[in-house]
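First comes the structure, then the notes that go with it.
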Amino acid sequence: MPEIELSGQEILFAEALALIVAACLFAPLFKRFGLGTVLGYLAAGVAVQTSLNISFSEHPEELLHFAEFGVVLFLFVIGLELKPSKLWEMRADIFGLGTAQLLICGAVLGVIAKFVGGLPWTAATIIGLGLALSSTALVMQTLDERQDRGAPYGRKAFSILLLQDLSIVPLLLLVALLAPSAEGASLSDGLRQVGIAVGAILGLIALGQFGLNPMFRVLANARMPEIMTAAALGVVILSALLMDAAGMSYAMGAFIAGVLLAESSYRHEIEADVEPFRGLFMGLFFIAVGLALDLDVVAANWPIIVVAAPVIMGLKAAIISAMLYFQGNSLPTSGRAGIILQQSGEFGFVLFAAAGAASLISDELSAILVAIITLTMALTPLFSLVEVFFNRARPLEEMDETYEDATGNVLMIGFGRFG
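Each step along the sequence shown adds one to the number in this note's numbering, with nothing skipped, and position 416 is 416.
Take a look at the structure:
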């Protein structure tokens, strides 16, 4: 048979088709066996990498950066469902529990990296804090699939994740301060960066308070659904770019924009418009993680990776569960939160890349750490099977609302023909 030569555009479409086919095969299969769609997407990425010689496999970081838009959209949708008053109620868990988790887990993992790995304190500190971060994308996707975002353990897990997202700027500042070439000026540069980040957050809040609702009101009057969708995506991208320019994460900007729109009368329409894009890009993100797994590094250092990943997961699960239990939470809530947060997260990729560029860790060590993070993310659905024990002890939830302050004569439940 004669060889078929494809143009550059045709190759791009063929590669996109290969990713779609792999996702359609693996995601439903893994979900059917109770392993979760996330692990299915990861397996699809690994399968494409090992079986097909495509450009996405050669440069997976490009696809990974593109697919991070799924995480951005996911945080935006989460923000839409959290009113500022509700977020204020969670402040103790966010800044108290979240900070304690990051510091305690980071200290334990850093000490292990220092004395077991024989690394200098500077490198061990960054490694410990980087591995202490959990995967916002994986955890929130799992909670969403289980419809447990409002469950007690889901709220605790979200509070910890939110603090971890806020810690990206201080952690990158710490990398700059610990770098071998760092000078006294680095401290002032870092403080200036923190000031820029705070100013960007305040600017985004002001924009949301005075600009977003009038804009959506005008667009809604035009009665063009596609324009509302475009505007919603535009708000997400603008807020993400603003936070990125200030040195923070894209996801944090999208989350703030979502919170600012949480009390808007257009919230439900915006959420419905964004939801399909969120699901597609989230799946693409996990496929890209599977593609980015350096199998050569895994093959050369597999004993270290295979031992380190479950040890890290076990330590994080134990520490987080113990913290929550001694805080006064029930055993099921503490155990389930610890298990769902036991993996390392995608922000570790960013932190270790910055540490490698600053000569804090070697390129080979950075690749090993990335492989460990990816393996912990892949193992999370399997380790979550332990939650069966805590599900048995899970108490039945009772409604706290008594409706004592209800003054109307009509109580409307539901909407449409169900109302």
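Backbone N, C-alpha and C fix where the C-beta goes; we use that ideal spot for every residue, glycine too.
Please look up how many angstroms separate the CB atoms of residue i and residue j, rounded, as I've assumed it's under 8 Å.
{"i": "T333", "j": "P152", "result": "4 Å"}
{"i": "M243", "j": "G253", "result": "3 Å"}
{"i": "A371", "j": "L293", "result": "6 Å"}
{"i": "L102", "j": "S159", "result": "The Cβ separation is near 12 Å, so there is no contact."}
{"i": "T376", "j": "I312", "result": "6 Å"}
{"i": "R217", "j": "L80", "result": "17 Å between Cβ atoms; not a contact."}
{"i": "I126", "j": "L351", "result": "7 Å"}
{"i": "N213", "j": "S167", "result": "Not a contact, Cβ separation roughly 31 Å."}
Determine whether the Cβ of residue i lies closer than 8 Å to any Cβ atom of chain B.
{"i": "E89", "result": "Checking the listed chains, one finds no chain B in this structure; it contains a single protein chain."}
Starting from residue i and walking both ways along the alpha helix (DSSP H), at which residues does that stretch end?
{"i": "E145", "result": "T136 to R146"}
{"i": "S51", "result": "T37 to S51"}
{"i": "R155", "result": "P152 to L166"}
{"i": "S344", "result": "Taken as a continuous stretch (DSSP letters only), S344 belongs to no alpha helix (DSSP H), as it is neither H nor E."}
{"i": "E226", "result": "P225 to A245"}
{"i": "L212", "result": "Counting along the chain, L212 falls outside any alpha helix (DSSP H), and DSSP gives it neither H nor E."}
With distances taken between CB atoms, is the gap from residue i to residue j smaller than 8 Å?
{"i": "A157", "j": "L138", "result": "no"}
{"i": "G290", "j": "A23", "result": "no"}
{"i": "L129", "j": "L163", "result": "no"}
{"i": "F76", "j": "V236", "result": "yes"}
{"i": "A200", "j": "A246", "result": "yes"}
{"i": "G440", "j": "S135", "result": "Within the shown structure, residues of the chain are numbered from 1 to 419, placing residue 440 beyond reach of any answer."}
{"i": "V175", "j": "A367", "result": "no"}
{"i": "G40", "j": "L29", "result": "yes"}
{"i": "A317", "j": "Q342", "result": "yes"}
{"i": "L315", "j": "V111", "result": "no"}
{"i": "G208", "j": "L260", "result": "yes"}
{"i": "L73", "j": "F277", "result": "yes"}
{"i": "L233", "j": "I227", "result": "no"}
{"i": "L82", "j": "I287", "result": "no"}
{"i": "A124", "j": "K114", "result": "yes"}
{"i": "A179", "j": "L365", "result": "no"}
Relative to the ligand SAH, is the shortest distance from any of its heavy atoms to the C-beta of residue i smaller than 7 Å?
{"i": "A317", "result": "With respect to small molecules bound, the structure shown includes none, and the ligand SAH cannot be examined in it."}
Kindly provide the ranges of any alpha helix (DSSP H) runs that are 4 or more residues long and lie completely inside the region 71 to 133, ordered along the chain. 84 to 89, 98 to 115 and 121 to 132
Would you list, in sequence order, the uninterrupted alpha helix (DSSP H) runs of no fewer than 4 residues that lie entirely inside the region 265 to 331? 267 to 292, 295 to 300 and 302 to 326
Scan the region 352 to 387 and note each continuous alpha helix (DSSP H) run of 4 residues or more that stays entirely inside, going in chain order. 363 to 383
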